[in-house]
Amino acid sequence: MGALRDSFKIAHAADCIMLLQTGKAQRGNDQPRDQLDLLEERYAGDYLRLRQIQDVRAQYPLNEKAKATYARLSILKNRGGVTAEPLFVYERAYHRFIPVDLDLGEDNDREDL
Numbered sequence: 001m002g003a004l005r006d007s008f009k010i011a012h013a014a015d016c017i018m019l020l021q022t023g024k025a026q027r028g029n030d031q032p033r034d035q036l037d038l039l040e041e042r043y044a045g046d047y048l049r050l051r052q053i054q055d056v057r058a059q060y061p062l063n064e065k066a067k068a069t070y071a072r073l074s075i076l077k078n079r080g081g082v083t084a085e086p087l088f089v090y091e092r093a094y095h096r097f098i099p100v101d102l103d104l105g106e107d108n109d110r111e112d113l
């Protein structure tokens, strides 16, 4: 929930907080990384999950005509429910989200909760 920075009241009062992340992210002078690259970095020590993430590129190729990119919906807070990060292929030209079948399990041990 660090993305909410100075919005402590909102973060505290909200029952559910979701963050949609699309496109590539870049830190400093590093190469831009897409959402799959960021997931690979997070699960670098978990061979099974890492393999599942790497298989997504082959199973869900990006359509350049649709200006497609990988997207994550980070459910940061869900009072009374689970948190997760479902993955999608986002076709920007059509504003269409295609769900990616990727079960990484519940991720309730995140540091930023």
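Take the sequence shown: its letter number 6 is residue 6 in the working numbering, and every next letter is one higher.
Glycine residues also receive a C-beta, built at the ideal position from the N, C-alpha and C atoms.
These figures come from a predicted structure and were not determined experimentally.
- Message: Can you confirm whether the segment 45-60 touches the segment 5-22 when touching is taken to mean that 3 or more C-beta pairs between the two stretches lie within less than 8 Å?
- Response: no
- Would you list the one or two residues that DSSP bridges to Y90? Looking at the DSSP output, Y90 bridges to T69, F97.
- Message: Counting beta carbon pairs with one atom in the segment 24-31 and one in the segment 86-102, are three or more of them shorter than 8 Å?
- Response: no
- Query: The alpha helix (DSSP H) spanning Q35 covers which residue range?
  - Reply: 35-42
- Query: So L19 is in the beta strand (DSSP E); what residue range does that whole segment cover?
  - Reply: That run of the beta strand (DSSP E) goes 16-22.
- Message: If you reduce the DSSP assignment to three classes, tell me which class G102 lands in.
- Response: The sequence shown places Leu at residue 102, not Gly. Coil, per DSSP.
- Query: What's the gap between the Cα of A66 and the Cα of R96?
  - Reply: A66 and R96: Cα-Cα distance of roughly 9 Å.
- Task: Under the assumption that L87 contacts L76 (Cβ atoms under 8 Å), give the Cβ distance between them as a whole number of angstroms.
- Result: 16 Å between Cβ atoms; not a contact.
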